[in-house]
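First the structure, in the form of structure tokens, and then the observations on it.
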Amino acid sequence: MSDRTCGECTLCCKLMGVPELKKPSAKWCASCDQGKGCSIYEERPQSCRNFQCFWLMDDNFPDEFRPDRIHALAAFNDVKDSCVLHVDPAKPRAMGSPEVQALTDALLKVYSKVFFLCGKESAMMQR
Numbered sequence: 165m166s167d168r169t170c171g172e173c174t175l176c177c178k179l180m181g182v183p184e185l186k187k188p189s190a191k192w193c194a195s196c197d198q199g200k201g202c203s204i205y206e207e208r209p210q211s212c213r214n215f216q217c218f219w220l221m222d223d224n225f226p227d228e229f230r231p232d233r234i235h236a237l238a239a240f241n242d243v244k245d246s247c248v249l250h251v252d253p254a255k256p257r258a259m260g261s262p263e264v265q266a267l268t269d270a271l272l273k274v275y276s277k278v279f280f281l282c283g284k285e286s287a288m289m290q291r
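The sequence shown begins at 165 in my numbering and counts up by one.
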């Protein structure tokens with residue numbers, strides 16, 4: 165387990181849906197103080213409590229891959245041997261950045277499939 169903290173990163177508060185709050189994905193949560201954190205942190209829903217992006221979970225992810233720096237976050241997926249790379253739809257060019265390309269290459273060494281979500285757009289890469 166990692167000793168990392170989110171710090172100023174609040175990208176999951178935008179990219180991830182929160183069923184308990186009826187918050188859709190790719191929209192900022194009303195409880196997020198952008199760049200600071202959750203204003204209802206102690207009472208946050210269970211899905212928020214359960215969520216951790218790969219950068220937060222794994223100290224081996226380089227600091228430059230922190231989600232708010234690359235405008236994308238990697239997370240577990242329900243599909244076997246795959247993960248999801250959520251890309252901020254406000255920054256669609258992030259997909260072609262060297263950091264996201266390097267992250268995708270690294271993920272494909274571990275998972276056979278990487279699913280990409282960017283707003284309503286989706287794609288999949290397979291090794």
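Every residue gets a Cβ at the ideal spot worked out from N, C-alpha and C, and that includes glycine. A quick note: this is a predicted structure, and the numbers were derived from the prediction, not measured.
Leaving out five residues before and five after residue i in sequence, what residues of the same chain have Cβ atoms less than 6 Å from its Cβ?
i    : result
A287 : F280
P253 : A190, C282 and G283
K186 : none
May I ask you to report which of helix, strand or coil DSSP gives residue i?
i    : result
E285 : strand
C212 : helix
L175 : coil
Q290 : strand
F238 : First, the residue type needs correcting, since residue 238 is Ala and not Phe in the sequence shown. The answer is strand: DSSP assigns A238 an E or B state.
F225 : coil
D197 : strand
K187 : strand
V274 : helix
V248 : strand
V243 : coil
Using a threshold of 8 Å, state whether the C-beta atoms of residue i and residue j are closer than that.
i    : j    : result
C173 : C196 : no
E263 : F229 : yes
C217 : L237 : yes
D245 : S276 : yes
S166 : L220 : yes
Quick one: is the Cβ of residue i within less than 7 Å of any heavy atom of the ligand MG?
i    : result
N214 : Among the components of this structure there are no ligands whatsoever, and the ligand MG is therefore not found.
Spatial neighbours of residue i within its chain, please: CB distance less than 7 Å, with the 5 preceding and 5 following residues excluded, ordered by chain position.
i    : result
G199 : E172 and T174
A258 : I234, H235, A236, V251, D252 and V264
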